[in-house]
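Notes for the one structure printed next.
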Amino acid sequence: TDLSHIRNFAIIAHIDHGKSTLADRLIQICGGLTDREMKEQVLDNMDIERERGITIKAQTVRLMYKAEDGETYQINLMDTPGHVDFAYEVSRSLAACEGSILVVDASQGVEAQTLANVYQAIDQNHEIIPVLNKVDLPAADVPRVKEQIEDVIGIDASDAIEVSAKTGLNVAAVLEALVQRLPAPTGEREKPLQAMLVDSWYDPYLGVMALVRVRQGVLKKGQKVKLMQTGAVHLVEKVGAFTPKLTELAEIGPGEIGFMSASIKTVADCQVGDTITEEKRPCDAPLPGFKPSIPVVFCGLFPVDANDYPDLRDSLEKLRLNDASFSFEPETSAALGFGFRCGFLGLLHLEIIQERLEREFDLDLITTAPSVVYHINLTNGTQMDLHNPADMPDVMKIESIEEPWIKATIMVPDEYLGPVLSLCTERRGEQLELTYVGSRAMAVYRLPLNEVVFDFYDRLKSISRGYASFDYALDSYIEGDLVKLSMLVNAEPMDALSMIVHRSQADLRGRAMCARLKDLIPRQLFKIAIQAAIGGKVIARETVSAMRKDVTAKCYGGDITRKKKLLEKQKEGKKKMRQFGNVDIPQSAFIEALKMG
Ligand code: GTP
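Each position in the sequence shown, counted from 1, maps to that position plus 1 in UniProt numbering.
This is the structure in structure tokens:
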């Protein structure tokens, strides 16, 4: 297609503002699918995405639109992930387009996630078309939301398009605006191939697929291409586009977006942001901005039933095929047995993987408390990355510990602002900004990430009755007064429950954990001491008193078969018990203790 007849755009929006519904409508208008095929939302195509109503992987479709000027345009629509954990994927998707549609729910207004994405689009010099969605709702307040877009984001909203993606009202105007307002892409066909790898995923039939945006040159079947970051060379097997059905094409030319498949083994070899060029005629330089995704939140995943360990490993490998930003390695815990230490882009990413393992792979899992990555400066002058509190070196060997801080933006109706500010303060936050737009407040804070992985989202949602929205970006590593809090049972440490905390929080956390464990650990024939300690110093203690002997004696009466059954049962129960010194602790106690953070 002639470049002047191509438009590439992304849809950006806060979660639930109607991005996928609008995308489906656009596809429908362009005749990409029949009504029956439209029944299900097309763009959110993973089960979990559909159920949770969130978009995880960016999807792209190519539509042919006959505009009012009588010409037919190739319109490439790129869906972007709506969540903070996938910010880098959003930035790559935006880099592949010339413009964005900013969808704002007219009954809700601008939210934290809208802001984060729209600022990224502004950074990419995008032409932005504001679209107010859900105008069919009685609560829609168009003038107020327009004003908000202008005040908060600072873009002109006078020509915002008012639509209802649900009823289809005015949606065609969005396509017309794309043609008229967005610039066409540029790029020369004759130059050496230079294409950005926007996304990659694993298809069970075609293998690893890469979504690409060609900047210059042409990408064709049979070409030998080179990934400039990894240096790997691959033979291109197929190129094509989703219309939204997978359609093979002869080539992907400059300015176009499409997919390629090549005999690439894993998505890890196909990293988002990499530059693809032709092996025998490479381009001068890779496209700017490549940044490998680095996991920032780690936790242990253990099978409830030790027999599931091989299944868990296989499942993790399968997930990793499709998700290069997720990492795992074997881990052993005295409390939980054999499992894996896994790294994620953030808490939602963790939840999604955990849920997929439990649902798609039918595994019962124990998840240890999420931890961030600390930089530990050792007295011998070296630095180590600590992914697991259990691996913390001896305090005598530690010079200092640095922890990651984030810059967080919280938007909340002002009646809930008080508790939100207290929560930030309680979590060691430092306020950077506090502004109002109408009756909504926007607070910008610097916060230690380890305070955020500890039930921050849940607390924020509950104190604001779900009205607060939250977004963050990693800021920097800063030295902190951090200590390892260990939990002991009759003086034996329980590795799965140790955590790194700020010294000022240690007492509180230690006492809370002791109190919980006291309720969770069943009485035994002797007294059990539960302690929280920093190094050798005990800071909190609870005691589980001994059980009276005759209680057990009763169990062993009765006839022989019953006795046998009981013994059988007991044996089974034993398997699920974990021994710490002389104390047997049921695995369920750990699960419960971990659930509560
Ligand atoms: P993510 O994929 O998580 O980013 O969400 P999304 O922005 O794609 O939202 P989605 O399209 O799934 O819509 C969220 C909810 O809003 C769904 O229940 C839709 O049916 C509803 N919705 C979308 N557009 C409209 C609209 O114009 N009017 C009304 N009343 N509801 C809408």
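Note that CB positions come from ideal geometry on N, CA and C, so glycine has one too. Please read all numbers here as calculations on a predicted model, not as lab measurements.
Delimiting residues of the alpha helix (DSSP H) encompassing glycine 301: Against the sequence shown, residue 301 aligns to sequence position 300. Where glycine 301 is concerned, there is no enclosing alpha helix (DSSP H), although the beta strand (DSSP E) it sits in stretches over 298-304.
Glycine 19 Cβ short of 8 Å to ligand 1 heavy atom set: If you number the sequence shown from 1, residue 19 lands on position 18. Yes, Cβ of glycine 19 sits closer than 8 Å to a heavy atom of ligand 1.
Own chain, CB closer than 7 Å to valine 146, minus 5 neighbours either side, in chain order: The residue you call residue 146 lines up with position 145 of the sequence shown. Excluding positions up to five away in sequence, the list reads Val105, Ala107, Gly110 and Leu133.
Alpha carbon of aspartate 476 to alpha carbon of proline 405, nearest angstrom: Taking the sequence shown and counting its residues from 1, one reaches residue 476 at position 475. Taking the sequence shown and counting its residues from 1, one reaches residue 405 at position 404. When rounded, the distance between both Cα atoms is 7 Å.
Serine 165 versus isoleucine 123 - alpha carbon distance: Looking up residue 165 in the sequence shown gives position 164. Looking up residue 123 in the sequence shown gives position 122. Spanning the two alpha carbons is a distance of roughly 25 Å.
Contacts around proline 293, its chain only, beta-carbon distance under 7 Å, and the 5 residues preceding and following it disregarded: Position 292 of the sequence shown, counted from the start, is the residue given in the question as residue 293. Result list for proline 293: Gln272, in chain order.
Check: aspartate 137 C-beta below 8 Å from any heavy atom of ligand 1: Taking the sequence shown and counting its residues from 1, one reaches residue 137 at position 136. Yes; taking the cut-off as 8 Å, the Cβ of aspartate 137 has a heavy atom of ligand 1 nearer than that.
C-alpha gap between threonine 22 and proline 283, whole angstroms: Position 21 of the sequence shown, counted from the start, is the residue given in the question as residue 22. Position 282 of the sequence shown, counted from the start, is the residue given in the question as residue 283. Near 41 Å, if we compare the C-alpha coordinates of proline 283 and threonine 22.
Pick from Phe303, Gly19 and Asp415 that is closest to glycine 439, judged by C-alpha positions: Taking the sequence shown and counting its residues from 1, one reaches residue 439 at position 438. For glycine 439, the nearest C-alpha among the options comes from Asp415.
C-beta contact flag for alanine 507 and alanine 533 at 9 Å: Sequence index remark: in the sequence shown, residue 507 carries index 506 (1-based). Sequence index remark: in the sequence shown, residue 533 carries index 532 (1-based). It is a contact, given that the beta carbons lie within the stated cut-off.
Length at least 3, wholly inside the segment 120-178: the beta strand (DSSP E) runs in chain order: 128-134
Complete alpha helix (DSSP H) runs within the segment 431-470 (minimum length 4 residues, chain order): Fully enclosed alpha helix (DSSP H) runs of 4 or longer: 450-453 and 457-464.
Counted within 10 angstroms of its Cβ, other Cβ atoms place methionine 488 as buried (16 or more) or exposed: Working through the sequence shown from its first residue, we reach residue 488 at position 487. It counts as buried.
Heavy atom of ligand 1 within 8 Å of valine 104 beta-carbon: As a first step, residue 104 must be located in the sequence shown, where it is residue number 103. Checking every heavy atom of ligand 1 against the Cβ of valine 104, one is found closer than 8 Å.
Pair within 9 Å by beta-carbon distance, cysteine 31 and leucine 4: Position 30 of the sequence shown, counted from the start, is the residue given in the question as residue 31. Position 3 of the sequence shown, counted from the start, is the residue given in the question as residue 4. No, they are not a contact pair.
Assigned exposure category for tyrosine 437 - 16 Cβ within 10 Å defines buried: Locating residue 437 in the sequence shown gives position 436, counting from the first residue. The residue in question, tyrosine 437, is exposed, as its Cβ has fewer than 16 Cβ neighbours within 10 Å.
Whole-number beta carbon distance between serine 264 and residue 659, since they are thought to touch under 8 Å: Here the chain has residues from 2 to 598 only, and residue 659 is not among them.
Segment limits, beta strand (DSSP E) that includes histidine 235: Residue mapping note: residue 235 aligns to position 234 of the sequence shown, counting from 1. Histidine 235 -> beta strand (DSSP E) spans 234-243.
Leucine 509 CB to nearest heavy atom of ligand 1 below 8 Å: Sequence index remark: in the sequence shown, residue 509 carries index 508 (1-based). Result no, Cβ not under 8 Å from ligand 1.
For serine 271, the three-state DSSP class (helix, strand or coil): Along the sequence shown, read from residue 1 onward, the residue named residue 271 stands at position 270. Serine is not the amino acid found at residue 271; the sequence shown has cysteine there. DSSP, read as helix, strand or coil, puts cysteine 271 in coil.
heavy atom of ligand 1 below 8 Å from isoleucine 28 C-beta: In the sequence shown, counting from the first residue as 1, residue 28 sits at position 27. Outside the cutoff, so no.
Valine 164 CB to nearest heavy atom of ligand 1 below 8 Å: Position 163 of the sequence shown holds residue 164. Yes - ligand 1 has a heavy atom lying nearer than 8 Å to the Cβ of valine 164.
Glutamine 149 versus glycine 100: straight-line alpha-carbon distance, rounded: In the sequence shown, the residue the question calls residue 149 occupies position 148. In the sequence shown, the residue the question calls residue 100 occupies position 99. When only Cα atoms are considered, glutamine 149 and glycine 100 end up about 21 Å apart.
Assumed close pair isoleucine 402, glycine 344 - CB separation to whole angstroms, cut-off 8 Å: As a position in the sequence shown, residue 402 is number 401, starting the count at 1. As a position in the sequence shown, residue 344 is number 343, starting the count at 1. Not quite, the Cβ-Cβ distance comes to about 19 Å (not below 8 Å), so this is no contact.
For leucine 288, the nearest candidate out of Arg428, Arg460, Arg93 and Ile529 (CA to CA): Locating residue 288 in the sequence shown gives position 287, counting from the first residue. Among Arg428, Arg460, Arg93 and Ile529, the Cα nearest to that of leucine 288 belongs to Arg93.
Cut-off 8 Å between Cβ atoms - residues of its own chain near leucine 337, not counting five sequence neighbours on either side: Translated into positions along the sequence shown, residue 337 becomes position 336. If the five residues before and after leucine 337 are omitted, its C-beta is found closer than 8 Å to the C-beta atoms of Gly301, Phe303, Ile367, Thr369, Ala497, Arg579, Gln588 and Phe591, all from its own chain and listed in chain order.
Among His6, His15, Asp17 and Tyr66, nearest to glutamine 28 - alpha-carbon criterion: Your numbering for residue 28 matches position 27 in the sequence shown. The sequence given here places isoleucine at residue 28; glutamine does not occur at that position. Of the listed residues, the one whose Cα sits closest to isoleucine 28 is Tyr66.
Reduced DSSP secondary structure (H/G/I, E/B, other) of isoleucine 76: Here the question's residue 76 lines up with position 75 in the sequence shown. Here isoleucine 76 sits in strand by DSSP.
Alpha carbon of glutamine 181 to alpha carbon of proline 331, nearest angstrom: By 1-based counting over the sequence shown, the position of residue 181 is 180. By 1-based counting over the sequence shown, the position of residue 331 is 330. Rounded to the nearest angstrom, the two C-alpha atoms are 54 Å apart.
Ligand 1 heavy atom lying under 8 Å from the CB of isoleucine 16: For the purposes of this step, residue 16 is identified with residue 15 of the sequence shown, where counting begins at 1. Within the cutoff, so yes.
Within 9 Å, strictly: CB atoms of arginine 510 and methionine 500: Along the sequence shown, one-based indexing puts residue 510 at 509. Along the sequence shown, one-based indexing puts residue 500 at 499. Yes, the pair counts as a contact, with Cβ atoms nearer than the cut-off.
Residue interval of the alpha helix (DSSP H) (run including methionine 500): Within the sequence shown, residue 500 is the residue found at index 499, counting from 1. Run containing methionine 500: none in the alpha helix (DSSP H); it sits in the beta strand (DSSP E), 500-503.
Close beta carbons around threonine 544, own chain, < 8 Å, minus the five adjacent residues each side: Reading the sequence shown from its first residue, position 543 is the one you call residue 544. Non-local beta-carbon contacts of threonine 544 in its own chain, meaning distances under 8 Å to residues more than five positions away in sequence, involve Lys519, Lys528, Ile529, Ala530 and Ile531 in chain order.
Nearest-angstrom Cα separation, counted from glutamate 493 out to arginine 466: For the purposes of this step, residue 466 is taken as residue 465 along the sequence shown, with counting starting at 1. For the purposes of this step, residue 493 is taken as residue 492 along the sequence shown, with counting starting at 1. Taking the straight line joining both Cα atoms gives about 41 Å.
For histidine 6 and tyrosine 74, believed in contact at Cβ under 8 Å, the rounded distance: Position 73 of the sequence shown holds residue 74. Position 5 of the sequence shown holds residue 6. Tyrosine 74 to histidine 6, Cβ: 5 Å. Contact.
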